[in-house]
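K.L.:
By the numbering used here, the letter at position 132 of the sequence shown is numbered 261, and the numbering carries on one by one without gaps. For glycine and all other residues, C-beta sits at the position ideal for the given N, C-alpha and C.
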Amino acid sequence: MKARDIMSKEVITLNPDDTAALVAEKFLKNNINGAPVMDDEKVVGFVSEKNLVNLISEIFESSIGTLASALPPIISDRLLKIEVDELFRDFERAQKVKIKEIMTKKSITILPETLIEKVAEIMCEKDVNHLPVVDEDGKLVGIVAREDIIHAIAKG
130 MKARDIMSKE
140 VITLNPDDTA
150 ALVAEKFLKN
160 NINGAPVMDD
170 EKVVGFVSEK
180 NLVNLISEIF
190 ESSIGTLASA
200 LPPIISDRLL
210 KIEVDELFRD
220 FERAQKVKIK
230 EIMTKKSITI
240 LPETLIEKVA
250 EIMCEKDVNH
260 LPVVDEDGKL
270 VGIVAREDII
280 HAIAKG
């Protein structure tokens, strides 16, 4: 069995200038957890839930560290409100980050003829959940997710 036999042909794609908020909406709306980033019909990267979670983690880690170091032993309500407001502003900034800043830039792709055994090997070796499928010209023709491999095994 080959990648073309199990790949999804309808692929939700992203643009490098999409914001983190838009990507999160697309993931939720389409019940997906990752998508290729396209520029001029070429795969230029990949964004997964992990990229979005890392973004939030980095921003909040920075904010919480600043907050913790700024807080005196006795916290006034007014000071706490100011610091919480700053956390919300940081979250709003995270929503506006362009995905070209957080995407995995060296996206691994496979060909339609790639055997699913090789697809599984690549996914495990590179610790990825999806592999975009491209033709000989580099044009996106599908995507294989780990779930696709599991379905193939279940169907026999």
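Determine, using beta-carbon pairs with one atom in the stretch 259 to 268 and one in the stretch 144 to 155, whether at least three such pairs fall under 8 angstroms.
P.N.:
As far as the Cβ criterion goes, the stretch 259 to 268 does not touch the stretch 144 to 155, which means the pair count is below three.
K.L.:
Could you tell me whether any non-hydrogen atom of the ligand NAP is closer than 7 angstroms to the CB of Pro145?
P.N.:
What this structure holds is no ligand at all, so the ligand NAP is not there to describe.
K.L.:
Mapping the DSSP letters down to three states, classify Leu196 as helix, strand or coil.
P.N.:
As a working note, residue 196 is residue 67 in the sequence shown. Residue confidence for Leu196 is low, a pLDDT of 49 falling below 50, so the modelled location carries little weight; the figure read from the coordinates is stated next. The answer is helix: DSSP assigns Leu196 an H, G or I state.
K.L.:
May I ask you to report which of helix, strand or coil DSSP gives Val262?
P.N.:
Against the sequence shown, residue 262 aligns to sequence position 133. In the structure shown, Val262 sits in a strand (DSSP, three-state: E or B).
K.L.:
Which class does Ile141 belong to by DSSP, given the choice of helix, strand or coil?
P.N.:
Within the sequence shown, residue 141 is the residue found at index 12, counting from 1. Note: Ile141 maps to coil in three-state DSSP.
K.L.:
Going by DSSP, name the residue or residues bridged to Phe175.
P.N.:
The residue given as residue 175 occupies position 46 in the sequence shown. Pro165 and Thr233.
K.L.:
For Gly285 and Val140, which I take to be in contact (beta-carbon distance under 8 angstroms), what is that distance rounded to the nearest angstrom?
P.N.:
For this step, residue 285 is matched to residue 156 along the sequence shown. For this step, residue 140 is matched to residue 11 along the sequence shown. Between Val140 and Gly285 the Cβ distance is about 26 angstroms, and since that is not below 8 angstroms, they are no contact.
K.L.:
Using the three-state DSSP reduction, which class does Val286 fall into: helix, strand or coil?
P.N.:
In this structure the chain extends from 130 to 285, so residue 286 is not present and cannot be described.
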